[in-house]
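Residue numbers (my numbering), protein chains in the order written: chain A, 13 to 118; chain B, 13 to 118.
There are 2 protein chains.
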Amino acid sequence: MDVRDASSMRSFAAEKMRKVNLFETERFFCDIYCFEPGQEQKAHAHEGSDKVYFVLEGTGLFQVGEDERRLGPHQATLAEAGTEHGVRNPGPDRLVVLTYMAPKPS
Amino acid sequence: MDVRDASSMRSFAAEKMRKVNLFETERFFCDIYCFEPGQEQKAHAHEGSDKVYFVLEGTGLFQVGEDERRLGPHQATLAEAGTEHGVRNPGPDRLVVLTYMAPKPS
Numbered sequence: 013m014d015v016r017d018a019s020s021m022r023s024f025a026a027e028k029m030r031k032v033n034l035f036e037t038e039r040f041f042c043d044i045y046c047f048e049p050g051q052e053q054k055a056h057a058h059e060g061s062d063k064v065y066f067v068l069e070g071t072g073l074f075q076v077g078e079d080e081r082r083l084g085p086h087q088a089t090l091a092e093a094g095t096e097h098g099v100r101n102p103g104p105d106r107l108v109v110l111t112y113m114a115p116k117p118s
Numbered sequence: 013m014d015v016r017d018a019s020s021m022r023s024f025a026a027e028k029m030r031k032v033n034l035f036e037t038e039r040f041f042c043d044i045y046c047f048e049p050g051q052e053q054k055a056h057a058h059e060g061s062d063k064v065y066f067v068l069e070g071t072g073l074f075q076v077g078e079d080e081r082r083l084g085p086h087q088a089t090l091a092e093a094g095t096e097h098g099v100r101n102p103g104p105d106r107l108v109v110l111t112y113m114a115p116k117p118s
């Protein structure tokens, strides 16, 4: 039985946000995205794959399409396939986001 | 922009565990499963769909295949397509589990 502990696997880097994979199959991936204050994932889009952002720790500014919202612990948003989306950590705390995408982009 | 707050959407029922949907597309669904002490989701399997359990609150006994493990907050496990899986809340606290499945079973 594969078990992952997101709290112990969270990992940060001074250069840029870090992605840590928890699980991956041909049907999806599930990562934790770890942001130091000021770090971001620039807005981008995936054709054919949906992404869910679920905040585990801290507060992030999430962009989906034209909208931007500040989300905190246990708040989530969906970027459907083809929709621009990105995240920025305005600080002062670290930001950890559970990120799920289906299917895994090829 | 669709935002869901899992903390405010969690909902329990005396009769049985409750599933609350956060997001759903043709490619996946994302629910929170809410268990009072003693409640369970009996072991079952899905052909062609992978499921991730991610504990948000409390402690659960998770079965995947032949294995059973006790998982607490921010611990996760994967039931790949075709693998038996289930959850039980041994108590004494409530259990809330973020659950992803891809693709959504038809």
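For every residue, glycine included, the Cβ atom is placed at its ideal position computed from N, Cα and C. The structure presented is a predicted model; accordingly, all values stated were derived computationally and were not measured.
By DSSP, does residue i sit in helix, in strand, or in coil?
{"i": "M13(A)", "result": "coil"}
{"i": "A18(A)", "result": "helix"}
{"i": "R39(A)", "result": "coil"}
{"i": "A25(B)", "result": "coil"}
{"i": "T89(B)", "result": "strand"}
{"i": "Q51(B)", "result": "coil"}
{"i": "H97(B)", "result": "strand"}
Going by other Cβ atoms of all chains shown within 10 Å of its Cβ, with 16 needed for buried, is residue i buried or exposed?
{"i": "A88(B)", "result": "buried"}
{"i": "E59(B)", "result": "exposed"}
{"i": "K28(B)", "result": "exposed"}
{"i": "K63(A)", "result": "buried"}
{"i": "R100(A)", "result": "buried"}
{"i": "G50(A)", "result": "exposed"}
{"i": "S20(B)", "result": "exposed"}
Give me the Cα-Cα distance between residue i and residue j, rounded to the nearest whole angstrom.
{"i": "T95(A)", "j": "V76(A)", "result": "7 Å"}
{"i": "E80(A)", "j": "A91(A)", "result": "12 Å"}
{"i": "V15(B)", "j": "N33(B)", "result": "12 Å"}
{"i": "L73(A)", "j": "L107(A)", "result": "10 Å"}
{"i": "S118(B)", "j": "E78(A)", "result": "32 Å"}
{"i": "H97(A)", "j": "F35(A)", "result": "22 Å"}
{"i": "A57(B)", "j": "R82(A)", "result": "37 Å"}
{"i": "K116(A)", "j": "G84(A)", "result": "26 Å"}
Measure the Cβ-Cβ separation of residue i and residue j and say whether it is below 9 Å.
{"i": "R39(A)", "j": "A26(B)", "result": "no"}
{"i": "R173(A)", "j": "C42(A)", "result": "The first residue shown for chain A is 13 and the last is 118, placing residue 173(A) beyond what the model contains."}
{"i": "H86(A)", "j": "V109(A)", "result": "no"}
{"i": "D105(A)", "j": "E69(A)", "result": "yes"}
{"i": "K54(A)", "j": "T111(A)", "result": "no"}
{"i": "A93(A)", "j": "T71(B)", "result": "no"}
{"i": "F24(B)", "j": "E52(B)", "result": "no"}
Relative to chain E, which residues along the stretch 34 to 65 of chain A have a C-beta separation below 8 Å, given in chain order? This model lacks chain E altogether; the protein chains it does include are A and B.
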